[in-house]
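Report on the following structure.
Protein chains: 2
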Amino acid sequence: MSEIFWFVPVAGCSALMFAAYFYKQMKQESEGNETMRSIAGYVREGAMAYLKQQYKVVLFLFLILAVFLGILAYRFQLQNEWVPFAFLTSGFFSGLAGFLGMKTATAASARTAEAARTSLNRGLTVAFRSGAVMGLVVVGLALLDYSFWFFVLKHCAVGASEAERVLLITTTMVTFGIGASTNALLARVGGGIFTKAADVGADLVGKVEANIPEDDPRNPATIADNVGDNVGDVAGMGADLYESYYGSIIAAASLGAIAFFHQPNLQWNAVLAPALIGALGIVLSLVGIFQVRVGCVESGKAILKALDHGIHVAAIGLVILSYFLLQWLGLGVYLWGSLIAGLITGIVIGKACEYYTSAEYKPTRLISQQAESGAGPVVIGGLGAGMSSTMIPVFAVVIGMAIAFGLASQFQATAFNKGLYGIGLAAVGMLSTLGITLATDAYGPIADNAGGNAEMSGLPKEVRQRTDALDAIGNTTAATGKGFAIGSAALTALALVASYVQELKCGLMRMGKEFVEINGEMIKTSDVSLVELMHFFEVHLLNPKVLMGMFIGSMLAFVFCGLSMNAVGRAASKMVDEVRCQFREIKGILTGEAKPDYSRCVRISTESAQKEMLLPALLCITFPFLVGICLGVAGVIGLLAGTLASGFVLAIFMANAGGAWDNAKKYIEEGHFGGKGSEAHKAAVIGDTVGDPFKDTAGPSLNILLKLMTIASIVGSGLTLAFQF
Amino acid sequence: MSEIFWFVPVAGCSALMFAAYFYKQMKQESEGNETMRSIAGYVREGAMAYLKQQYKVVLFLFLILAVFLGILAYRFQLQNEWVPFAFLTSGFFSGLAGFLGMKTATAASARTAEAARTSLNRGLTVAFRSGAVMGLVVVGLALLDYSFWFFVLKHCAVGASEAERVLLITTTMVTFGIGASTNALLARVGGGIFTKAADVGADLVGKVEANIPEDDPRNPATIADNVGDNVGDVAGMGADLYESYYGSIIAAASLGAIAFFHQPNLQWNAVLAPALIGALGIVLSLVGIFQVRVGCVESGKAILKALDHGIHVAAIGLVILSYFLLQWLGLGVYLWGSLIAGLITGIVIGKACEYYTSAEYKPTRLISQQAESGAGPVVIGGLGAGMSSTMIPVFAVVIGMAIAFGLASQFQATAFNKGLYGIGLAAVGMLSTLGITLATDAYGPIADNAGGNAEMSGLPKEVRQRTDALDAIGNTTAATGKGFAIGSAALTALALVASYVQELKCGLMRMGKEFVEINGEMIKTSDVSLVELMHFFEVHLLNPKVLMGMFIGSMLAFVFCGLSMNAVGRAASKMVDEVRCQFREIKGILTGEAKPDYSRCVRISTESAQKEMLLPALLCITFPFLVGICLGVAGVIGLLAGTLASGFVLAIFMANAGGAWDNAKKYIEEGHFGGKGSEAHKAAVIGDTVGDPFKDTAGPSLNILLKLMTIASIVGSGLTLAFQF
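So the protein lines, in turn, are chains Y and F.
Letter 222 of the first sequence, counting from 1, is numbered 1673 in our numbering, and no numbers are missing.
Letter 438 of the second sequence, counting from 1, is numbered 1889 in our numbering, and no numbers are missing.
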């Protein structure tokens, strides 16, 4: 069974090779005239400068955390000895995924604009293939990182039996996610603050006060805005989805090791299955990517159809091939059902997000209509619609979870751990075709930047229309992508909580507690089931410690959002001041006679982002440790449950409200309810401004928060136990 | 020990007698000139018309629910036989409290304005004593309802032993709260939609578009706005706090019966203690109310000091006397500590809410400052500040809970049930002086209406200044009051969940399940502890059913808010249309030559409120039943935990954000950042508009939602068990 393992790194390498191929192909395209090249150069420069600064801060934080983890592991034996190193590699790969994605995106924007001069199809091809670079880099690097550590641990880990050795390997690997999650959180929050400070600042003074269009070169914040799309929506999203993907695979693998502990002949297969499904997903994503092309029809619908076609090819292929894969691994049809349940849940969430955020449907149009009554009703309407929109995604996850658990446990209470494994597989299923879905996501900001470039370089109107058509679809696919990320987070988080309990068991044994007392009986620690451990630690919902943890957890999700909203607000205020100041002091900006100083705006965004991203990130790393020390295991699990319950719903609410405001504004700009420049439009712009940090800063960070807190709990479990006993 | 019981109804009667006395006193004041009387008449008429309509709908719903409960109880034996009747009485008393409070408030507003012509002190006295009517009516009726049913059940309930009889009485009484909670939720949501539709509509067209001041008689929505203060902030709040107060007492009593089950000599005392503390609180509230007076100094600070003095007298008195009461009841100093922990937690929450919502402090001033950058930053800033403001209240509740539990259990794991009883007492402690704190709350809308009356009748400027000073303090006390309501809800909810588990035990026995199997052993159901029952029903946080319930619960809290926000948005849009239409069609309104048609605006608010309040209310009554049927006990407890974790934090967030926006706007109106009419002011008005449904519709309903869902679960427990076994 060992040979099949090699399919994983091979698929990972192929993904990277195709990424390199697409990258080269894109680079061969013309970057357009000198203006276009110089604007693209500004954006590239700003983005790289930001990323350099960002990675400096991240590196510094990582070194501190690595030392801390090292002390925990080597001085106090409270942590697995591999964690400090793996922490660094997964963080490195996550950062690398973001970097490569951004390098591609900044190179592709002018080329997309240039290609869009020829036709919509050419524009789409360049933008989408460049997006595919990111998608493939993420999945490729994740599987390589996984394969590397799996290989190392497989040869180094020592256990009492083969089954225990497997368990040790997977439990160790779960903790490796902390590096990827920490980097992802910083990338999302920092990038989100950067991009939204620039966007909000540019809109508030440019669109509302000075009445100049979006991406107008006279607006000093416009380059910062374009840089922001790259650092937030590309680098941030890349790191985010790297973390989601990697996390779902290792969480499922760890549950597989637990569920098949007593079936040694199947245990390896269960552990390998998630990564193999990922590898299969890569192959099918590649097939799907080559299927994406539009005919000669120049319309947005054609683009969406083309993208959907590619995704459907990959998804249907996965449904069929994964059946044979799981059969061949001996895991049976029920677990295949769980996997498909996850895939379908993802699709339902995506469709629901589309319904609530696309101007094709009633909720968003209603917000546009409310704009006629003023900004107040627009904001109230968006908040109301966003909150109400949580219903379908939550039910989708709940039902998906029920089906995945029910099928995997074959509806037997005794097969509890298999049910959990089924939920883990559902998360893997949801993200299995990430290679192509992320490509459709990442192409959005590229098209957005291409539009910015076209506007600023004064290209003919039809070019901008084509890039706008590309961009509009990007908004929808971005909403769908966020739905996937948060949906998979909800499923993965449960799997990670189970890993946490498993890690507690290892921790007890490390502490020399050979026996635990449950209901008055002494049971050998190694034989205790996860559910029995929950009883041992008194993790039930009448225990006030659990409830206290839940309150704190739920509060943290809100405070985290509050801090990032405030950060955007503060940074945007600075940006507004700067833009107003430039309009005042540099004479002739508005007439086009003088050039604004773009770099000052980029600097404001960079500095604000770096300063403000640390507190929210540190909050969610430190609280699992603090709560563990003060309230013990019961408090920590309560904490995780509270963050999960609140954060999951909050994330959907914020993503959908933000998306709906954005598209409600666009709908008015298309000429409805008074069109551009009307009072309704001004009101809608205010709604969009509020929605910006919702959908691009706080909202999309929450799914990482959920997982990072769980992994931090796992890493801190030794400390928690040391204080509790 | 039976004699001491009579202290409860006697205190309840005294509260009502003093309320009648204050009411008569107020009625003897002059209602001012004819204009003042006629305006007060309009408001009274609109308010009464609304309440009549509201109670019709409520009565209809109540009859349906009573029949449903009757069928559950008598046809299927799935419910206690007393519930259908008690459901009606507690609903009736809750409605009566709202009605009497509103009758007083509508009679008092013109009289307060007239009294404010003489001096601030006279104005304060009339407004505050009228507020006291409501405070006393609420606590008086609650204790009478309690005494009545306690007396009836004490003579009718039959149990195997005295201890079981007591347990049966208290468990039955907990379910009685469903009537009060249902009415309170409808009153809060309906009243909240009414008042905010009118307020938002009046502000949007009046202040922003037509540039006329607040409460200007030329604004057609102005009477509806004043009516709204009465139906939302008076009748709604009265019903809300009746429910909170009643709920905290019966929940604590029920936990007392469980905790002292094996100490029959103390059980009665533990059951009576919460109501006795309430009775003591009534006496001390009366003392405090008579202490409230300001000297000749005409300033807002003097008013706040006067109110604070009254509250402090009552609180300090309670701290001292409750010590002797609990000692005398033989319950000891530890439980007194729990009670005081609750009292202090309430004060900390109140102060934190004041810090985050008063323009005296940094957070609100920052929002005012952000108004200079536009409406977008104001809204983002308020949302961010509101979310961040949840930290201190949550920590206060967590620490209060820890202390109350720790002291009551004397830090012994074996005294788990006593710890829960301690948490119940903490909730009682927090609300014990409700008689006076509610008086300070209810006086706010009276002063607000007095200001409206003064403005519309064209009274001299200094009168309006005085009523404004009274009103400004009212905003702060209202924020504090909301903090108390939600803080006590968090504590009461845990107590109610414990009652739910207790009710499950009764349900199992009713079904003839004499033994339950726990960890392979058969245990007599009557001997099973609450914690063992949690194990029996598999209510641990790895059970996917628990997690599914949590997701649904958390989602419900958001959807509930979303629906009520949307309702306000829709109703406000209608109001805006109506006001614009009147300005257009009735010539001469703005010049004061023609009178607007106030009644059409009142009708719009009434109809919208009636139509929109049902869906959110029905959601939270039906879901505990549905989840119980689909996911069993584990799902229901997950549901409650999810709603509690999300709803608690969401409620603080919404109340504080709304309060901060309101006061940020007032701060600008005082002349900062450009003052009235500036761009910053317009931006701040938009923030205030968004905050209106936050703080007065969705936010304050959430605390009721938490409890109503728990009680609905208790009522539906028989059904849940029937489906599960």
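Quick reminder that beta carbons are idealized off the backbone N, C-alpha and C, glycines included.
Asked	Found
Counting C-beta neighbours from all protein chains within 10 Å, is the total for Y/SER1950 16 or more, i.e. buried, or is it exposed?	buried
Would you kindly work out how many angstroms separate the C-alpha atoms of F/ASN1573 and F/GLY1895, rounded to a whole number?	Residue identity check: residue 1573 of chain F is Arg in the sequence provided, not Asn. Their Cα atoms are separated by approximately 15 angstroms.
Could you tell me whether the Cβ atoms of Y/VAL2053 and Y/PRO2144 are closer together than 8 angstroms?	no
Taking 8 angstroms as the threshold (C-beta atoms), are Y/LEU1780 and Y/TRP2191 in contact?	With chain Y represented from 1452 up to 2176, any question about residue 2191 of chain Y goes unanswered, as that position is not in the structure.
With distances taken Cα to Cα, identify the nearest neighbour of F/LYS2146 among F/SER1465, F/LEU2069, F/CYS2012.	F/CYS2012
Alpha carbon to alpha carbon, how far is F/LEU1945 from Y/HIS1986?	19 angstroms
So, helix, strand or coil for Y/PHE1988, using DSSP?	coil
Return the residue from the list Y/TYR1472, Y/PHE1602, Y/GLU1615, Y/MET1468 that minimises the CA-CA distance to Y/LYS1956.	Y/GLU1615
Nearest-angstrom Cα distance between F/PHE1601 and F/MET1624?	8 angstroms
Short of 9 angstroms Cβ to Cβ, which residues in the segment 1957 to 1968 of chain F face chain Y?	none
What distance in whole Å lies between the Cβ atoms of F/GLU1983 and F/ILE1969, which are believed to be in contact at a cut-off of 8 angstroms?	5 angstroms
Among Y/ILE1490, Y/GLY1707, Y/THR2073, which one has its Cα closest to the Cα of Y/GLY1873?	Y/GLY1707
CB Y/ILE1701 to CB Y/TYR1597, shorter than 8 angstroms?	yes
So with Cβ pairs under 8 angstroms, would you call Y/GLN1821 a contact of chain F?	yes
Determine which residues share a DSSP beta bridge with F/PHE1966 and list them.	F/LYS1975
Since F/SER1839 is in the alpha helix (DSSP H), which residue starts that stretch and which ends it?	1826 to 1839
Of all Cβ atoms in chain F, is any one closer than 8 angstroms to the Cβ of Y/ASN1679?	One detail in the question is off: residue 1679 of chain Y reads as Gly in this sequence, not Asn. No, Y/GLY1679 does not count as interfacial toward chain F.
What number of angstroms, rounded off, separates the C-alpha of F/GLY1934 from the C-alpha of F/LEU1604?	34 angstroms
Using a Cβ cut-off of 8 angstroms (strictly closer), state whether F/SER1560 contacts chain Y.	no
Taking contact to mean at least 3 C-beta pairs separated by less than 8 angstroms, is the segment 1687 to 1697 of chain Y in contact with the segment 1887 to 1903 of chain Y?	yes
Given that F/CYS2012 touches chain Y, what residues does it touch there, using C-beta distances under 7 angstroms?	MET1838
Identify which residue in F/TRP2112, F/GLY1797, F/GLY2083 has its Cα closest to the Cα of F/ALA1822.	F/TRP2112
Could you list which residues in chain Y have their beta carbon closer than 9 angstroms to that of F/GLY1870, in chain order?	PRO1995
Measure the Cβ-Cβ separation of F/ALA1608 and F/SER1581 and say whether it is below 8 angstroms.	no
Of all Cβ atoms in chain Y, is any one closer than 8 angstroms to the Cβ of F/ASN1716?	no
Out of F/GLY1880, F/ASP1666, F/LEU1637, which one is the CA nearest neighbour of F/PRO2067?	F/LEU1637
Near Y/ILE2037, which residues of its chain fall below 6 angstroms by C-beta distance, leaving aside the five closest residues on each side in sequence?	ALA2045
May I have the straight-line CA-CA distance separating Y/VAL1734 from Y/ALA1593, to the nearest angstrom?	15 angstroms
Quick check on this structure: which residue in F/ALA1567, F/VAL1659, F/GLY1497 has the alpha carbon closest to the alpha carbon of F/ALA2131?	F/VAL1659
Name the residues in the segment 1824 to 1854 of chain F whose C-beta lies less than 8 angstroms from a C-beta of chain Y; which are they?	SER1824, GLY1825, ALA1826, GLY1827, PRO1828, VAL1830, ILE1831, GLY1832, LEU1834, GLY1835, ALA1836, GLY1837, MET1838, SER1839, SER1840, THR1841, MET1842, VAL1845, PHE1846, VAL1848, VAL1849, MET1852, ALA1853
Tell me the residue span of the alpha helix (DSSP H) that contains Y/MET1907.	1885 to 1907
For Y/GLY1406 versus Y/ILE1740, is the C-beta spacing smaller than 8 angstroms?	Because chain Y is modelled from 1452 through 2176, residue 1406 of chain Y falls outside the range shown and cannot be assessed.
Please classify F/HIS1991: is it buried, with 16 or more other beta-carbons within 10 angstroms of its beta-carbon, or exposed?	buried
Pick from Y/LEU1871, Y/ARG1639, Y/LEU1885, Y/ARG1744: whose alpha carbon is nearest that of Y/ALA1730?	Y/LEU1885
Give me the chain Y residues within the contact set of F/PHE1856, using Cβ-Cβ distance strictly less than 7 angstroms, ordered along the chain.	PRO1995
Under 8 angstroms between beta-carbons, which chain F residues line up against Y/PRO1671? List them in chain order, please.	In chain order: nothing, as chain F lies at least about 15 angstroms away.
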